[in-house]
Each structure stands twice: as C-alpha cells, then as structure tokens.
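To start, the structure itself, in structure tokens.
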Ligand SMILES: Cc1cc2nc3c(=O)[nH]c(=O)nc-3n(C[C@H](O)[C@H](O)[C@H](O)COP(=O)(O)OP(=O)(O)OC[C@H]3O[C@@H](n4cnc5c(N)ncnc54)[C@H](O)[C@@H]3O)c2cc1C
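Numbering (this note's numbering), first residue to last: 9 to 501.
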C-alpha cells in the first residue's frame, strides 16, 4: 500500500537543491558523487578512446549542460561533457567511468521537465545528440532503426516520406530526441488513439554501466523470449544503461486529421464531454483540453485567435476517412454536455493550427510569471472532472495562478503553477499547491506522472505511489544493472 498522501509535505525551502530560477545552480548535496578523481586524470583517460572534439571540459561550456528544462531541481557542475558519435566511444566512456568511479548522466536534448537529465557534481555528462543517424526504415517489417540522438520530428518526417507513421509526438517533438523519449517513456497528443513510446520500442542496444553492450528485444512482429528488458529500459531515466540504438515500430500513415474546437462554460462540462465521447465508443486521434488561463496565454504568445471567453476549450480530431461524420457526432456529444459553441476546422491546415496552439501551451503558460512548476498528474479519465475542479480549488486556497492543459483523452493533466520565486511566501504556496495536486491525483486513483517522469522533481513522491514493496523491487532492479550506482545518481530514488 502506498504511504499516506496526507503526510506533511516538505516546505520548498527544506528541499535540498532547490534552484532559484531555471538555469541557476545552487545546493547540489542531493546528487553529489562521492570521491571524484582529479579532472586531469579523468580527461586523460577519456581521451584514450575519444577524439578531442568529443570532449568538453571548460567549466563555462560544460555548465550549459547542467540542467534540463525543469525548474526547481537540483543540478551539479559536470567534470566533463562527452559527445560521442559511435557505440565504441560510449562503451569507452562507461568503462572509464566505472574504473574511476565517476557518475554518468545520459542526456538527449534536455527538454525534460523533471530534472532527470540534470548533471550531478563531478559527473560525465554523456550527450547523445550527435548519434543522430536513422539507420533503417523498413516498410515491410514496419520498423525504423535509429540512433538515440535522432530528433522525434525528424524521424516522423522521414518515415512519412515512405507513407509510414511514428506516432509518439510530445509537444516538444521538434527538439526532443528518441533517446530522451525512451528515457522518459514520453507521451504526446496522439496517445489517446496510438499509445505512448513504450508501445513502439521493440528492441534496444544498451551500453551497461561497466561498458558491456546489451541487446534486448527484437525486430520481429512478435517475440516473447525471456523477461521484457526492453520495456524495463523505457522510462528508466538513464539510470540502468545508455541507449545507443533503438528498433521502433511504425504504422501505415493515416489520413491527415480533421479537428474541431468546442467551448465549454466549465472544465467539468468539458470533462463530461470527454467521458461521453469515450463511452460512446469513439477513439479520436486527439482529445485535448486547454483551460481559460491556457487559452489566454497561448493567444498572448502566438496570436492564435482562440476564444478567450470560454472556461475550457476541448480539441478533438479524427484521422479516419470518415472524420467529418465522426466529428459531427462528437460535436453533438459536446453540445449535450453543455458546450456553448462547437467549431469544426475548415480543413487539415486549420486543424494543424489548432494542434499548434495546443503544443504551445506549456511554453505560453511559462511566460505568465517569473517561474512555473509543471505538474503531470494522470487520473482515470472518469475522474478527470474531479481532478480539474480539485486543482481549481487548490489554486483558490493558495491564491495562485494555475493554468491547466491536458491530454484529456488520457486523463493526463498538466497543471502549471505560476509564481514569483522572489516572493518567499508565494514560492512556499506554489510548492505546497504542486504537492497537493499530486496528492489529489493519487487520491483519485491516478499517478504522480503520466509522461514527464520522476527525475529530481518528484522523487520524494515515488514511494508514496509505489509503496515499500514496490520501492524495494525497483531498487533491486537498479542494483542488478548498476551495482556501483554510477548511472544518473540522485534521480528517481
Ligand atoms: C514545451 C515542452 C513540451 C513538452 N511536451 C511533452 C509532451 O507532450 N509529452 C511528453 O511526454 N513530454 C513532453 N515534454 C517533456 C520532454 O520533451 C520529454 O520528456 C522528452 O522525452 C525528453 O527528451 P530529451 O531528448 O529532451 O531528453 P532529456 O531531457 O535530455 O533526457 C530525458 C531523460 O532521458 C534520459 N536519456 C536521454 N537520452 C538517453 C539515452 N540515449 N539512453 C538512456 N537514457 C537517456 C536522461 O538521462 C533523462 O533521464 C515537453 C517539454 C517541453 C519543454
């Protein structure tokens, strides 16, 4: 059984390593590595198997690799940043790290929102962004074989040229990498129909902490030999091994989607529509929600012309040949749930604009106040209205601005707590509300993270969700793969 979520929560100022603002680095005691070797020795040993241009050690340069995009997460100063181009180079880095007992932090594009890619003091940051080749696209086997640094949108466009489709599409898809998507088990806008990253990872090549190369999974349509180690690596946040190659499942490209936007007088009414759509048996290719604060923020940032008087905007789309008929039926369900306006997009181009507005949501909300904390609570979709109403109540109680966008069809909400860290009391209330939102999610049968991961941001909460036996087994897995605790220390646990 999970710990009692009503246990008193840590104050923001009691949490070690809270950063004052994104980019600033403060107390790193939570993730420091013990007994770091001299930098000269580390540099010399790394250069035995790396070209000079693959190694960065100037502290002013390496500092730029210290954090991902999460606010308020501890980060340390890396001893070195390595940008390998080959599997052998990655193996050399891991062997060196094991020999010298230096922690290694794998990184993709650092768009993560939980601090999972943050450096620890004295670590080697292993940035995989230069291993960015698409090795194979096979339309008979319907797979792509890629290196970890391939950017999600680059892969999507490449497979589309062969009438294929790689569905997982985080809103950050123009920047984030497949390695990072695997590291965080990321989701996106299309998950309501197509599922998350885990559903598309068939096999992996992984360099283990001691430098050995492990091949997991398959490139076949089926395969059940042994434990599913592939799935184990998905969402492991770089804590079990370094992904150097991935076999990904592809689908035939569907028709371009057609969308509608429905305006609601309350978030609860929009959630009622979500439930009605699912209960009626429809599986839209997208079912997203933006509250009033989000709509206004997106308009302010992108001049998108969304309706600002609405309390909640629901976007629905279908990518089937009969999309117009299905959208009409969904529109009727929205009206029955209380929608004040249902506006179908004129064509695919206008539908894409609606998607762009939704993709902009987190960035737009971040512009509202000097700092934000982005939550990622996922609840059964039947409890979505309670989640949104509860979040609004938390905002009122703490007198805070909390904008919500949500992958509504998945029950995955992103309440964004907006505040000024210079105002000590407001910062304390922000942390309190952030934690209360997670407690609410757990109380509704949900999870503290639907797609952004645990990282540093939520590690105090993992035990509350998993309970003591769950935590024991998680630690046993970590011990089996990384007995010296060198891979991405201080994350998850
Ligand atoms: C504006 C914005 C919108 C976003 N929208 C979404 C969204 O819709 N859905 C969603 O799920 N996320 C979203 N995110 C979060 C983020 O983009 C995802 O978590 C993404 O998968 C991170 O990819 P990355 O390449 O930036 O990885 P990083 O942030 O660099 O790393 C993420 C994790 O993966 C590990 N890792 C990276 N590469 C490897 C590797 N080769 N081997 C082993 N471990 C590795 C890292 O150690 C770290 O733990 C959003 C972020 C932003 C800024």
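Positions of the beta carbon are idealized from the N, C-alpha and C atoms, including for glycine.
(request) Use the C-beta contact count for residue 434: other C-beta atoms within 10 angstroms, 16 or more gives buried, fewer gives exposed. (result) Buried, by the Cβ-count rule.
(message) Can you look up residue 450 in the DSSP assignment and give me helix, strand or coil?
(response) helix
(message) With three or more C-beta pairs closer than 8 Å as the rule, is the region 157-172 touching the region 132-144?
(response) yes
(message) Is residue 364 a contact residue of ligand 1, with contact defined as CB to any heavy atom under 7 Å?
(response) no
(request) Give every residue of the same chain whose Cβ lies closer than 6 Å to the Cβ of residue 181, excluding the five residues on either side of it in the sequence, and list them in chain order. (result) Apart from sequence neighbours up to five positions away, the residues of its chain that approach residue 181 with a beta-carbon distance below 6 Å are 160 and 161, ordered along the chain.
(request) State the Cα-Cα distance for the pair residue 283 and residue 410, rounded to the nearest angstrom. (result) 24 Å
(request) For residue 426, verify whether its CB is less than 7 Å away from any heavy atom of ligand 1. (result) no
(request) Measure the C-alpha to C-alpha separation of residue 471 and residue 479 and round it to an integer number of angstroms. (result) 6 Å
(message) Suppose you measure from the CA of residue 222 to the CA of residue 488; what does that come to, to the nearest Å?
(response) Their backbone Cα atoms lie some 14 Å apart in a straight line.
(request) Using only alpha-carbon positions, find the residue among 438, 451 and 482 that is nearest to residue 80. (result) 438
(message) Between the alpha carbons of residue 494 and residue 136, how many angstroms are there, rounded?
(response) Near 17 Å, if we compare the C-alpha coordinates of residue 136 and residue 494.
(request) Closer than 7 Å by C-beta to residue 13: which residues in its own chain qualify, once you throw out the five before and the five after it? Chain order, please. (result) In this predicted model, residue 13 has a pLDDT of only 32, less than 50, meaning its place in the structure is not dependable; the value taken from the coordinates is given anyway. Around residue 13: 447, 450, 451 and 472.
(message) Here's a check: name, in chain order, each residue in its chain whose Cβ is nearer than 8 Å to the Cβ of residue 36, leaving out the five neighbours to either side.
(response) The pLDDT assigned to residue 36 is 37, lower than 50, so where the model puts this residue is not dependable; a value taken from the coordinates is nonetheless given after this. Cβ within range, chain order: 25, 82, 83, 84, 85, 128 and 129.
(message) Going by the DSSP bridge assignment, what does residue 384 pair with across the sheet?
(response) Under DSSP, residue 384 forms a beta bridge with 457.
(request) Ignoring anything shorter than 3 residues or poking outside the region 254-281, list the beta strand (DSSP E) runs there in chain order. (result) 266-272
(message) I believe residue 305 touches residue 373 by the beta-carbon criterion, under 8 Å. Please report the beta-carbon distance rounded to the nearest angstrom.
(response) 5 Å
(request) Provide the residue span of the beta strand (DSSP E) that contains residue 169, from first to last. (result) Here residue 169 belongs to no beta strand (DSSP E), and DSSP marks it neither H nor E.
(request) Over the uninterrupted beta strand (DSSP E) stretch that includes residue 397, give me the two end residues. (result) It is not in any beta strand (DSSP E) - residue 397 instead sits in the alpha helix (DSSP H) that spans 392-405.
(message) Tell me which residue opens and which closes the beta strand (DSSP E) that residue 215 is part of.
(response) 209-215
(message) Quick check on residue 148: does DSSP put it in helix, strand or coil?
(response) coil
(request) Count the CB pairs spanning the region 230-242 and the region 258-271 that are closer than 8 Å, and state whether there are at least three. (result) no
(request) Taking the CB atoms as reference points, tell me whether residue 253 and residue 153 lie closer together than 8 Å. (result) yes
(request) Specify the secondary structure class of residue 87 as computed by DSSP and reduced to three states. (result) coil
(request) Identify whether residue 183 lies in helix, strand or coil by the three-state DSSP scheme. (result) coil
(request) Rank 226, 64 and 249 by C-alpha distance to the C-alpha of residue 111 and give the top, closest one. (result) 249
(message) By the three-class DSSP mapping on this structure, what secondary structure does residue 296 have?
(response) strand
(message) To the nearest angstrom, how far is the alpha carbon of residue 442 from that of residue 179?
(response) Inter-residue distance for residue 442 and residue 179 is about 22 Å (C-alpha atoms, whole angstroms).
(request) Say whether the region 192-204 touches the region 292-303, bearing in mind that this needs 3 or more beta-carbon pairs closer than 8 Å, one atom from each stretch. (result) yes
(message) Suppose the cutoff is 6 Å on Cβ atoms and the five residues either side in sequence are ignored; what does the same chain contact list for residue 246 look like?
(response) Contacts found: 114, 191 and 496.
(request) Could you pull the start and end residues of the alpha helix (DSSP H) that residue 476 belongs to? (result) 467-489
(request) Check the C-beta distance from residue 102 over to residue 215 and give it rounded, since I have them as a contact under 8 Å. (result) Contact holds; Cβ gap of about 5 Å.
(request) Using beta-carbon positions only, say whether residue 278 and residue 322 come within less than 8 Å of one another. (result) yes
(message) Quick check on residue 148: buried or exposed, where buried means 16 or more other Cβ atoms within 10 Å of its Cβ?
(response) exposed
(request) Taking residue 369 as part of the alpha helix (DSSP H), name the residues at either end of that continuous run. (result) 369-374
(request) Please report how far the alpha carbon of residue 72 lies from the alpha carbon of residue 272, in whole angstroms. (result) 43 Å
(request) Can you tell me which of 339, 78 and 106 puts its alpha carbon nearest to the alpha carbon of residue 384? (result) For residue 384, the nearest C-alpha among the options comes from 78.
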